[in-house]
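Worksheet for the structure shown next.
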Amino acid sequence: EGVGQEMSGSGTVETEMWNKACFLSRLVASSVKVSRTAGDLIKGILARGELGVIDKGSATAYDPQTEADRAAQYLIVQSLHRKFKDICIIGEEEKVSAVEVLEDGAALDVLSLSFPPELASIEESNDVVVWVDPLDGTTEFSRAKDKTSVETLQQVTVLIGIAYKGSVVGGVIHQPWSFPNGSSRTIWAVKGLGVHGIEVAKERNERVVVTTRSHGTATVEQALQELERRGLSTSVERVGGAGFKVLKVLEGASAYVFASPGCKKWDTAAPQAVLEAAGGKLTDITGRSMVYSSEIQKSNSGGVLATAPWVNHSDYLNALPDALKESLPEFLPRQ
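Residue numbering for the sequence shown is 1 to 335, as defined by my numbering.
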């Protein structure tokens, strides 16, 4: 995996590439590298069976957090902050667990790309916000008693999304368990530079719609029924994790529909960057763009609609009932 593509801080070629690279190239390259290291950390914690699950949810909703979430977030945030002191990093977890070794390296396949002028001119500042979900699909991860169940574990992803002045410009989705033998893959994208690490599906006859496995609601079901009625959905697949759902859309599903407010900005930042670099689209269910500036509310209260490059996003938007859209406002009232 990525052999010969990694930089560990040593070697003149690496240093030369780093010195030549623009700020955003360095940030994406570092994010790709640390996502892989975080994936290995997560795998190690599961292998040892020391998950340390705690429920950070309310009385009504189970929201598990494991030692892997806590340690992976510390690794990612501290590794990136050590190199990029002036950016803003927002992670899902409030409680973290320190790890001894941080990641200094960067992915050479990113550093070797030439960035377009409008991205190359971005400088390190707090206009750059990195949204981190250290372990998307925690529910699936915490239930994976069978450590070899790739079917369950492939729903786990490490998400690092990069926004500039509120819009996503790059993203990393690392899948620690991707293939039947349990090996990993890293999918990453930069606006205007395409998607790397995944084969994006061409048009399909069937229209599979992916949706939530663990957070189903009446509104989600209503949306799915309406899509079926209009021929925009031939079947529904229920899976965990926003990152994994967007990978499904890239690999042949037509859309990911989540008509409820439970999803957060760190769930969608990286997937949106990756999907849109492939020619797909991600908005809320009313068609409004997601905003990723640091002071924005964390909840995607308008729901999520993501569509494949080969379908028409507005067909799906228009199919969703107005009453449903009105029930999912862009902003929640301030508490």
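For every residue, glycine included, the Cβ atom is placed at its ideal position computed from N, Cα and C.
For residue i, which of helix, strand or coil comes out of DSSP?
{"i": "residue 159", "result": "strand"}
{"i": "residue 130", "result": "strand"}
{"i": "residue 90", "result": "strand"}
{"i": "residue 266", "result": "helix"}
{"i": "residue 283", "result": "strand"}
{"i": "residue 237", "result": "strand"}
{"i": "residue 324", "result": "helix"}
{"i": "residue 258", "result": "strand"}
{"i": "residue 316", "result": "helix"}
{"i": "residue 296", "result": "coil"}
{"i": "residue 301", "result": "coil"}
{"i": "residue 243", "result": "helix"}
{"i": "residue 175", "result": "strand"}
{"i": "residue 135", "result": "strand"}
{"i": "residue 44", "result": "helix"}
{"i": "residue 166", "result": "coil"}
{"i": "residue 21", "result": "coil"}
{"i": "residue 144", "result": "coil"}
{"i": "residue 29", "result": "helix"}
{"i": "residue 306", "result": "strand"}
{"i": "residue 251", "result": "coil"}
{"i": "residue 35", "result": "helix"}
{"i": "residue 153", "result": "helix"}
{"i": "residue 16", "result": "helix"}
{"i": "residue 271", "result": "helix"}
{"i": "residue 4", "result": "Because the pLDDT of residue 4 is 43, which lies under 50, any placement of that residue in the model is unreliable, and the question is left without a value."}
Out of the options, state which residue places its alpha-carbon closest to the alpha-carbon of residue i.
{"i": "residue 271", "options": "175, 261, 237", "result": "175"}
{"i": "residue 14", "options": "106, 75, 98, 65", "result": "106"}
{"i": "residue 104", "options": "80, 93, 126, 49", "result": "80"}
{"i": "residue 248", "options": "201, 94, 289", "result": "201"}
{"i": "residue 287", "options": "260, 278, 317", "result": "317"}
{"i": "residue 127", "options": "233, 169, 47, 98", "result": "169"}
{"i": "residue 257", "options": "297, 29, 209", "result": "209"}
{"i": "residue 279", "options": "51, 321, 310, 289", "result": "310"}
{"i": "residue 233", "options": "47, 217, 254", "result": "254"}
{"i": "residue 283", "options": "25, 301, 95, 184", "result": "301"}
{"i": "residue 93", "options": "86, 63, 87", "result": "63"}
{"i": "residue 113", "options": "21, 281, 263, 16", "result": "21"}
{"i": "residue 319", "options": "194, 129, 224", "result": "224"}
{"i": "residue 57", "options": "295, 215, 108", "result": "215"}
{"i": "residue 44", "options": "141, 273, 162", "result": "141"}
{"i": "residue 204", "options": "251, 195, 221, 227", "result": "251"}
{"i": "residue 187", "options": "228, 222, 243", "result": "243"}
{"i": "residue 181", "options": "196, 295, 153", "result": "153"}
{"i": "residue 89", "options": "295, 333, 323", "result": "295"}
{"i": "residue 131", "options": "143, 199, 291, 99", "result": "291"}
{"i": "residue 30", "options": "160, 273, 329", "result": "160"}
{"i": "residue 54", "options": "87, 158, 139", "result": "139"}
{"i": "residue 162", "options": "95, 108, 144, 91", "result": "91"}
Just the Cα atoms here: how many angstroms apart are residue i and residue j?
{"i": "residue 120", "j": "residue 32", "result": "18 Å"}
{"i": "residue 2", "j": "residue 276", "result": "With a pLDDT of 41 at residue 2, under the threshold of 50, the predicted position of this residue should be treated as unreliable, and no value is reported."}
{"i": "residue 77", "j": "residue 230", "result": "44 Å"}
{"i": "residue 299", "j": "residue 134", "result": "17 Å"}
{"i": "residue 236", "j": "residue 101", "result": "42 Å"}
{"i": "residue 305", "j": "residue 123", "result": "31 Å"}
{"i": "residue 219", "j": "residue 260", "result": "7 Å"}
{"i": "residue 179", "j": "residue 150", "result": "7 Å"}
{"i": "residue 267", "j": "residue 83", "result": "24 Å"}
{"i": "residue 12", "j": "residue 111", "result": "14 Å"}
{"i": "residue 125", "j": "residue 35", "result": "22 Å"}
{"i": "residue 312", "j": "residue 167", "result": "22 Å"}
{"i": "residue 116", "j": "residue 19", "result": "17 Å"}
{"i": "residue 137", "j": "residue 307", "result": "20 Å"}
{"i": "residue 172", "j": "residue 190", "result": "9 Å"}
{"i": "residue 4", "j": "residue 39", "result": "Summary for residue 4: the model assigns pLDDT 43, below 50, so the residue's position carries little reliability, and this model does not support an answer."}
{"i": "residue 206", "j": "residue 227", "result": "13 Å"}
{"i": "residue 184", "j": "residue 177", "result": "5 Å"}
{"i": "residue 72", "j": "residue 49", "result": "16 Å"}
{"i": "residue 213", "j": "residue 197", "result": "26 Å"}
{"i": "residue 265", "j": "residue 17", "result": "32 Å"}
{"i": "residue 289", "j": "residue 303", "result": "11 Å"}
{"i": "residue 331", "j": "residue 194", "result": "31 Å"}
{"i": "residue 97", "j": "residue 68", "result": "9 Å"}
{"i": "residue 273", "j": "residue 328", "result": "23 Å"}
Quick test of your reading: residue i and residue j, contact by CB under 8 Å. State the CB separation rounded to the nearest angstrom.
{"i": "residue 239", "j": "residue 155", "result": "6 Å"}
{"i": "residue 222", "j": "residue 75", "result": "Their Cβ separation, rounded to whole angstroms, is 40 Å, which puts residue 222 and residue 75 out of contact at 8 Å."}
Any C-beta of chain C sitting closer than 8 Å to the C-beta of residue i?
{"i": "residue 110", "result": "The chain inventory of the structure shown lacks chain C, comprising one protein chain alone."}
Segments assigned beta strand (DSSP E), at least 3 residues, entirely inside the segment 46-130: 88-91
Starting from the N-terminal side, write out each stretch of the beta strand (DSSP E) that is 3 residues or longer and does not extend beyond the segment 181-220. 185-190, 208-212
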